[in-house]
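The numbering of the sequence shown is my numbering, which starts it at 224 and goes up by one.
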Amino acid sequence: LADVRIELRSNSNKTIGHSTTDIQGKFRFKNIPAGMYIILARRQGFKPATVIVAGGAPKSLALAMESEQPLSVAIIATLNQARNALSPETGSTVYRFTANNIDQLPQGDNTPLNDVLIQAPGVTQDSYGQGQSQIHIHGLNGGGIQYRLNGVFLPEAVSSFGQLLGAYIIKNMSLIDNFMPAQFGYRNEGVIDIHTKDGCLSPGGQFEYYGGQRGTIQPSLQYGGCAGKLSYYLSGFYYQSALGVQSPTPTPTPLHDRTSQGQGFSYISYLLSPATRLSLMMGTAINTYQIPGQPDLPIAFPISGVFNYPNSANLSTTEFEQNYFGILTLQGTAGPKLDYQLAWFSRYYSLKYNPDPVGDLAYNGVADRVFHSGFINGLQEDTSYHLNRQHTLQAGYYSSGETLEEDNSALVFPVNSAGVPAILPKAVIDNFNGDALLFGLYVQDQWRPLPALELTLGTRYDVMNYFGWYTQLSPRLGLVYKLTRTTVLNAGYARYFQVPPFESVLVNTVDKFAGTTGASAIGFGNPKIEPEDDEFFDAGIGQQLPFGLSATIEGWFLWATKKLDLAQFGKTYIFAPLQYRHGRGWGADFSLVKNTKNISAYFNFSYAVQQATNVVAGQFLVDDPVELSYISRHWIYLDDDQEFSSSAGLSYRRWGFLLSVDAIWGNGYRFGFANLETQDPYVQVNAAIAHKLPVPALGNVEGRLSIVNMFDHVYLIRQGSGIGIFSPQYGPRRALYFTITVPLGDMRTPDPAS
């Protein structure tokens, strides 16, 4: 049992020493004179244990503690500790969110997951859907954000509007970026490591109703509990809004922008023995979106036989997404030194984009009907062996196979040799089926040569098969040095093997659309997207300050070969990868945090530069020969590079009330020819007030009033130009929302803020 406080007392009951058990449940007292002693063990959730021993010669001692909770609760807590130890973070930059931190945000656990993450340093918002933001970490956008669910890598499509996971399922979450140990592979822009609520550790549940302006309604339900050796947690919500995709105009409620969404998640585990459990996680997300248009566009392409054209702001364009996943995990310990986890995962997703056949043809010259789907199955295994007090050895593997279907059909106009389009459209079919394979092995050693120094030395070997075979050996070295009781230094070097988002690769598009209004101005384009090869360096310092403040500063540098980026596929809201010969980036993050019983506050500021040169694949996505030529000879800023960004938040709890405010600021994304221009800076402030009232037979019912964009600042997220950018999008306008939360049973208080 880890984290047990051990007290050594003399025969006269005087305390003469303290210790704490390690992850193996071990403790030690050195240089104890001969005599009789009392050892007292304490840990929350267990009855104190006492034993009398004779000191002098070295002697092993076994000490047992009795749980105050049902045995299954104690076992689950211990197994969770062992599982967490399989994913060390030594040398990494880690920003943690607990359920309590999320509850302190203005929208509470109804905050979309990405909007939670933009409160971390170096994370910036971008346009997308679900009334939420796509995110970038340090200005990167190669589809390289990795999601892990209870320690298992969950492949998630990057081109969809909605998200597969909601903030309400989170017990605690870590954002890991910069240096990453060897167990993290394939997507290394950042890792979102989520640990979900557990029915035994957080029994009970709640019903919640969230709604307000923009036609927003969102009822949700979550409930968990224990039944002998079985633990279960179930949750789900339905969401409806008139603001589905961020608006191309500054209006608060754009035309044709409704969305309906449903999401469900379940986590069920069963104790096969005190040292082993079998877990099943399942989730689904089904979303529909109307796509808003730009008003007052001229008819650019007359259509034979059509005399009445639809309003360009109210076309019938829609998108439908569905996602399903399952993860079966066997996790446990084998003796005091060996921990393991073996997981099988499966995921199916599909995305269908339906155009307005007349409107899209008339205004854009092309009406794309897109269907992308993927079915992925895989295995992940992680093992940790505690060799001694200085060394913890780890090894594991990952393998997956994905079957992909990409059906792109479009109505376009033929174009003659003089460049004049016809008025009678024709159909172009651009379909592709393929398979993608990934396999990787890693080994690493957590080495503690000195009490104040910890090193993580590791390497991984990865193989990818998609458009050919690719392999890479990737060493990793991270260190943490505790300089003083209040000062910690960290540094790391990593080589990364970053794979492209397979579901978004466009294979035959250039040739199929040649000689039509759907053709790119670039008459060629290598479709064979390859893995990105990164060299990454970072160093930082963490400092505990007076008045309960803690500060961190982290600097980083990236050199990339075959740099991946995502670009918009024409006028659709589908994104596809393009690739540069080289990329480079550098920056720094600053974070200041204060947490007390009643007050939680944070301030983050980040500087990030991302540049690339010479497009070597996906050239047709640039759509301008002059621009493509310029990029081949110059380093350019990536369109997702926002040089300066900041976030801040403050919450105060007293007398059953919660007052909360948060804010984001950015100096604007790049736009224009070769991304040479910068948009105007923007700021958005959100706020809320919440209060809990005891209601007979119900418990503490909470009411919350939230306001998004409190000062109604009108700002552009995207101007609508730049490399691979074709649509303007604005940030959300001011809106009021209310939440009623009714407890169902125990639903214990979330962890303290950290």
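Backbone N, C-alpha and C fix where the C-beta goes; we use that ideal spot for every residue, glycine too.
Exercise for review: Flag this pair as touching only if the segment 797-815 and the segment 825-842 have three or more C-beta atom pairs under 8 Å; answer yes or no.
Suggested key: Three or more pairs of CB atoms, one per stretch, sit closer than 8 Å, so the segment 797-815 contacts the segment 825-842.
Exercise for review: Would you list the one or two residues that DSSP bridges to residue 504?
Suggested key: 490, 550
Point to revise | Distance, residue 430 Cα to residue 711 Cα | key: Cα to Cα, the separation comes out at about 42 Å.
**Study point:** Alpha-carbon spacing of residue 976 relative to residue 440, whole angstroms
**Key:** For residue 976, the predicted structure reports a pLDDT of 31, less than 50, and the residue's modelled location is therefore unreliable. A value from the coordinates is still provided. Roughly 29 Å between the two C-alpha positions.
Exercise for review: Output the residue ranges of the beta strand (DSSP E) runs that lie fully inside the segment 678-733 and measure 3 residues or longer, sorted by chain position.
Suggested key: Entirely contained in the segment 678-733, the beta strand (DSSP E) runs reaching 3 residues are, in chain order, 692-705, 710-721.
Review point. So is residue 696 buried or exposed if we call it buried at 16+ other beta carbons inside 10 Å?
Key: exposed
**Study point:** Three-way DSSP call (helix, strand, coil) for residue 810 in this model
**Key:** strand
Practice item. Scan the segment 834-922 and note each continuous alpha helix (DSSP H) run of 4 residues or more that stays entirely inside, going in chain order. Key: Unbroken alpha helix (DSSP H) runs of no fewer than 4 residues, entirely contained in the segment 834-922, are found at 848-856, following chain order.
Check your understanding: So, is residue 878 buried or exposed, given that buried needs 16 or more other C-beta atoms within 10 angstroms?
Key -> exposed
Review point. Who are residue 457's beta bridge partners in DSSP?
Key: 446, 489
Exercise for review: Leaving out five residues on either side along the sequence, give the residues of the same chain with a beta carbon under 7 Å from the beta carbon of residue 910.
Suggested key: 329, 883, 884, 930, 933
Exercise for review: Find the nearest neighbour of residue 866 within the set 838, 812, 824, 842, judged by alpha-carbon distance.
Suggested key: Measuring from the Cα of residue 866, the nearest candidate turns out to be 812.
Review point. Roughly how many angstroms lie between the CA atoms of residue 563 and residue 493, to the nearest whole one?
Key: Distance from the CA atom of residue 563 to the CA atom of residue 493, rounded to whole angstroms, is 16 Å.
Review point. Helix, strand or coil: which one does DSSP assign to residue 788?
Key: It is a strand residue.
Check your understanding: If you draw a straight line from the alpha carbon of residue 985 to that of residue 284, how long is it in whole angstroms?
Key -> For the chain, the structure presents residues 224 to 977; residue 985 sits outside this window and is missing.
Review point. Going along the chain, which residues of its own chain have a beta-carbon closer than 8 Å to the beta-carbon of residue 773, five neighbours each way excluded?
Key: 765, 766, 767, 815, 816, 817
Check your understanding: Near residue 227, what residues of its chain come up, given a Cβ to Cβ distance below 6 Å and the 5 sequence neighbours on each side ignored?
Key -> 244, 264, 266
Exercise for review: Please confirm if the segment 824-831 is in contact with the segment 343-350, defined as three or more CB-CB distances below 8 Å between the two stretches.
Suggested key: With the rule of 3 Cβ pairs closer than 8 Å, the segment 824-831 counts as touching the segment 343-350.
Exercise for review: My understanding is that residue 859 touches residue 897, with C-beta atoms under 8 Å, so please give their C-beta distance in whole angstroms.
Suggested key: 5 Å
Check your understanding: At which residues does the alpha helix (DSSP H) containing residue 587 begin and terminate?
Key -> 580-587
**Study point:** Inter-residue Cα distance where the pair is residue 525 and residue 517
**Key:** 18 Å
Practice item. Quick one: using the 10 Å Cβ neighbour count with 16 as the cut-off for buried, is residue 742 buried or exposed? Key: buried
Point to revise | Where the alpha helix (DSSP H) through residue 324 begins and ends | key: The continuous alpha helix (DSSP H) containing residue 324 extends over residues 322-326.
Check your understanding: Using 8 Å as the Cβ pair cut-off and three pairs as the minimum, do the segment 886-905 and the segment 394-407 touch?
Key -> no
Review point. So is residue 414 buried or exposed if we call it buried at 16+ other beta carbons inside 10 Å?
Key: If you draw a 10 Å sphere on the C-beta of residue 414, you find 16 or more other C-beta atoms in it, and that means buried.
**Study point:** residue 664 (DSSP reduced to helix, strand or coil)
**Key:** Note: residue 664 maps to strand in three-state DSSP.
Check your understanding: When the Cα of residue 359 is compared with those of 886, 868, 902, which residue comes out closest?
Key -> 868
Check your understanding: Is it the case that the Cβ atoms of residue 507 and residue 484 are separated by a distance below 8 Å?
Key -> no
Review point. What does residue 244 pair with, by DSSP beta-bridge criteria?
Key: Its beta-bridge partners do not exist; DSSP assigns none.
Practice item. Please determine, among 953, 552, 249, 262, the residue with the shortest C-alpha to C-alpha distance to residue 1006. Key: Outside the displayed range of the chain (224 to 977) lies residue 1006, so it cannot be described from this structure.
Exercise for review: Take residue 594 as the anchor and find which of 568, 783, 465, 627 has the nearest alpha-carbon.
Suggested key: Comparing alpha carbon positions, the residue from 568, 783, 465, 627 closest to residue 594 is 627.
**Study point:** Under the three-state DSSP convention, the category residue 735 falls into
**Key:** DSSP places residue 735 in the helix class (H, G or I) of the three-state scheme.
Check your understanding: Is it the case that the Cβ atoms of residue 825 and residue 886 are separated by a distance below 8 Å?
Key -> no
Practice item. Report back the beta-carbon spacing between residue 623 and residue 596 to the nearest angstrom; my notes put them in contact at under 8 Å. Key: Contact flag wrong, Cβ pair sits at about 16 Å.
Check your understanding: Since residue 336 is in the alpha helix (DSSP H), which residue starts that stretch and which ends it?
Key -> For residue 336, the enclosing alpha helix (DSSP H) begins and ends at 336-340.
Review point. Which whole-angstrom value describes the C-beta separation of residue 454 and residue 445, a residue pair presumed to lie in contact below a C-beta threshold of 8 Å?
Key: The pair is not a contact, with the Cβ atoms about 14 Å apart (cut-off 8 Å).
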